[in-house]
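Below is one structure, written out as structure tokens, with a few remarks after it.
Residue numbers (my numbering), protein chains in the order written: chain A, 5 to 605; chain B, -17 to 84.
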């Protein structure tokens, strides 16, 4: 097959796109059904995306942990129904309950499979019996997923391959076009079905995730005509700002969790030294309840928001009232706990003793709020079908499971949905033939890919990315209002026009980072525009979407998902009620998000 | 900090050379090699190639290895000291600039 501008053609039954847990489990599940699977990962398979950065773990209902996974002492009082209820309530009722049903029913087998791979890879996840959860770090999970790939030799891997767009024939997705990061070769993938396991989006300048969380799969699906939803919901966590070699670490989040730091010895202050705190009535929320994460944004975020113009995304953990011995013990306990998952003395790249010395010397830590997970993404059903035939999706790229707030485990999500998506795609391809791609569609994608190399001019993709981040920082952060969102929308529309003229300084195709940035920012722009516009439409507060001008959770008007699709090149919005299987949607208004959270206890 | 960076491109710069940049590193802020490379890339020379796509920047994926003053380190975790450093690719199997085949 000779196609204009294409250096190589790869054929598959199922093309899986992504480098983390959702993509790997989808590829394995599809391959186990006997179809030809190609896995295209932006980095190394099982070692890219946010899977390698996981800081917590995953959990199940107690009965499944005991009976399916054989963990002794699992807390049997935590039932499947409890997991279902917690996921729905924590989603502020904006999840699709059929997707939650699939999650609670199929997670046990997915976790069991993971534990088997882990055992074969000599990885050990510590089981915490009272909450039926397993602790893991990204490195362990990565080795476990590599084991899964090793045990499934039929999967053909194409690594360091950046998929740019999907191809359709007669309304169904039949492949994709991508670029190899090292060689710059443009590759056409011809497939019968495609699974997206490409992760979420994160448009801010300050981050605690991989810099690559650019919503590629969401934007590709959108451009192919798939519906995307819940894009206004992004989850923020306290994250280190300084020192720079700790910047982006979620250690400040862990400092609030007794599991890691048993004794709390600091107070949180704004940039003027005034204390900010989560009010005492919330202290009764159990440590394992993930809703406390919203409280960090809500109460601590105020300290940042009110001084944002002057200080940016900044607050402090103040250790000035702690003795040196307190600080020594504080970090010694963390070092001990962290060593259960990380190399001794370190939490990821952070040298714990060095951080301790920094805190001993400065008596404070500069902290901000950074986004770690996007609840929004591609619309799916309980079989991981998207709204267009031949396209399936799993993990953070989707939007069905967690609604307005991820109150369940992202790891369990990616495993459970990945396995299901792989099976569904394999079933779909049986009995259908491979379609030859439409040459004009391929040519259009190739033109888009090489445009930044052919363009000349002053608009650097880095500059566009930086402006996009500034727009999101200013108008689309953890607190929002109509004025800021309107201005952000206006700016992003202008930036989208500017971005058409992006041009790289270096014209080489070999490992051209600026070129890669151009391909990514195009996706991030779509996701961010969808998020801003949904946040403007949603004139209430819900989950992680906190409108300072509309603080109430308005169940009467807004128990609706905001869905975006592309029609004739325009982004169109519609709303739909979430799918209900057994928990009826609540009515009435709750004055604020913290009040909603108290009401869930 | 004076930063000397190795540049190489088989098609346009087939004989490797060093480029020198002044980077406003503040010692107390503990800049990593990745911070320095990002600074050069975003402010001084956007054509520089260093391992950054799909990087974790947390010392976990271990793909950003470069040589600092001849010693291989992870760019995202290593904090260089002194007034001058030299950055080179970790092996001789160079794709472009500091990026090696892996």
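Glycine included, each C-beta is placed from N, C-alpha and C at the ideal position.
Note to self: Checking the sheet assignment: what are the DSSP bridge partners for residue 242(A)?
What the structure shows: 373(A)
Check: Cα separation between residue 363(A) and residue 330(A)?
Finding: 11 Å
Notebook entry, point to check: How long is the line joining the alpha carbons of residue 95(A) and residue 427(A), rounded to whole angstroms?
Noted result: 26 Å
Checklist line | For residue 129(A) and residue 343(A), the rounded distance between their alpha carbons | finding: Roughly 12 Å between the two C-alpha positions.
Next item on the list: State the CB to CB distance for the pair residue 48(B) and residue 66(B), rounded to an integer number of angstroms; the pair is presumed to be in contact (CB under 8 Å).
Entry: Not a contact, Cβ separation roughly 16 Å.
Note to self: Short of 6 Å in beta carbon distance, which residues of its chain neighbour residue 57(A), apart from the five on each side in sequence? Order them along the chain.
What the structure shows: 142
Item checked: Alpha carbon of residue 480(A) to alpha carbon of residue 558(A), nearest angstrom -> C-alpha separation (whole angstroms): 20 Å.
Check: By Cβ distance below 8 Å, which residues in the same chain neighbour residue -5(B) in space, the five residues on each side in sequence not counted?
Finding: -11
Next item on the list: Can you tell me which of the three DSSP states residue 40(A) falls into?
Entry: coil
Notebook entry, point to check: Alpha carbon to alpha carbon, what distance is there between residue 126(A) and residue 484(A)?
Noted result: 46 Å
Checklist line | Where the alpha helix (DSSP H) through residue 519(A) begins and ends | finding: 517 to 541
Notebook entry, point to check: I think residue 26(A) touches residue 421(A), with their Cβ atoms under 8 Å apart; what is that distance to the nearest whole Å?
Noted result: At roughly 6 Å, the Cβ-Cβ gap stays under 8 Å, so residue 26(A) and residue 421(A) are in contact.
Checklist line | Per-residue burial, residue 490(A) [other beta carbons within 10 Å of its own, 16 or more giving buried] | finding: exposed
Margin query: If we define contact as Cβ-Cβ less than 8 Å, is residue 51(B) a contact residue for chain A?
Written below: no
Margin query: List, from N- to C-terminal side, the beta strand (DSSP E) runs of 3 residues or more that fit wholly inside the region 541 to 592 of chain A.
Written below: Counting only runs of 3 or more, we get 565 to 571 and 574 to 580.
Notebook entry, point to check: residue 542(A) and residue 236(A): beta carbons closer than 8 Å?
Noted result: In this structure, residue 542(A) places its C-beta atom within 8 Å of the C-beta atom of residue 236(A).
Margin query: Could you compute how far the alpha carbon of residue 522(A) sits from the alpha carbon of residue 270(A)?
Written below: Straight-line measurement puts the Cα of residue 270(A) at about 42 Å from the Cα of residue 522(A).
Notebook entry, point to check: Does the region 145 to 154 of chain A come close enough to the region 48 to 55 of chain A that 3 or more CB-CB pairs lie under 8 Å?
Noted result: yes
Next item on the list: Taking all protein chains shown into account, decide if residue 544(A) is buried (16 or more other Cβ within 10 angstroms of its Cβ) or exposed.
Entry: buried
Check: Are there 16 or more other CB atoms within 10 angstroms of the CB of residue 405(A), so buried, or fewer, so exposed?
Finding: buried
Notebook entry, point to check: Which runs of the alpha helix (DSSP H) fall wholly inside the region 108 to 177 of chain A and span at least 4 residues, in chain order?
Noted result: 142 to 154
Next item on the list: Output, in chain order, the set of chain B residues within a Cβ distance shorter than 8 Å of residue 377(A).
Entry: In chain order: nothing, as chain B lies at least about 16 Å away.
Next item on the list: Measure the C-alpha to C-alpha separation of residue 302(A) and residue 458(A) and round it to an integer number of angstroms.
Entry: One Cα belongs to residue 302(A), the other to residue 458(A), and the distance between them is close to 46 Å.
Check: Does the region 177 to 194 of chain A come close enough to the region 8 to 15 of chain A that 3 or more CB-CB pairs lie under 8 Å?
Finding: By the C-beta criterion, the region 8 to 15 of chain A is judged to be in contact with the region 177 to 194 of chain A, since at least 3 inter-stretch pairs fall below 8 Å.
Next item on the list: Measuring alpha carbon to alpha carbon, tell me which of 568(A), 554(A) and 512(A) ends up nearest residue -8(B).
Entry: 512(A)
Check: Considering only the beta carbon of each residue, do residue 23(B) and residue 369(A) sit closer than 8 Å?
Finding: no
Next item on the list: Buried or exposed for residue 0(B), please, with buried defined as at least 16 other CB atoms from any protein chain shown within 10 angstroms of its CB.
Entry: exposed
Next item on the list: Could you tell me whether the Cβ of residue 43(B) comes closer than 8 Å to any Cβ of chain A?
Entry: yes
Check: What residues of chain B sit near residue 205(A), judged by a beta carbon separation below 9 Å?
Finding: Residues of chain B passing the Cβ test: none, with the nearest at roughly 15 Å.
Notebook entry, point to check: Taking the alpha-carbon positions, what's the residue 173(A) to residue 576(A) distance?
Noted result: 23 Å
Margin query: Using the Cβ count rule (16 or more neighbours within 10 Å means buried), how would you classify residue 605(A)?
Written below: exposed
Notebook entry, point to check: DSSP on residue 186(A), reduced to helix/strand/coil?
Noted result: coil
Next item on the list: Measure the alpha-carbon distance for residue 163(A) versus residue 32(B) and round it to whole angstroms.
Entry: 18 Å
Margin query: Please list, in chain order, the chain A residues whose beta carbon lies closer than 8 Å to that of residue 58(B).
Written below: Contacts between residue 58(B) and chain A, judged by CB atoms closer than 8 Å, involve 353 in chain order.
Checklist line | Contact list for residue 64(B) against chain A, beta-carbon separation under 9 Å | finding: Here the premise fails: no neighbours, minimum Cβ distance about 16 Å.
Check: Taking the DSSP output, what are the residues bridged to residue 351(A)?
Finding: Bridge partners of residue 351(A): 354(A).
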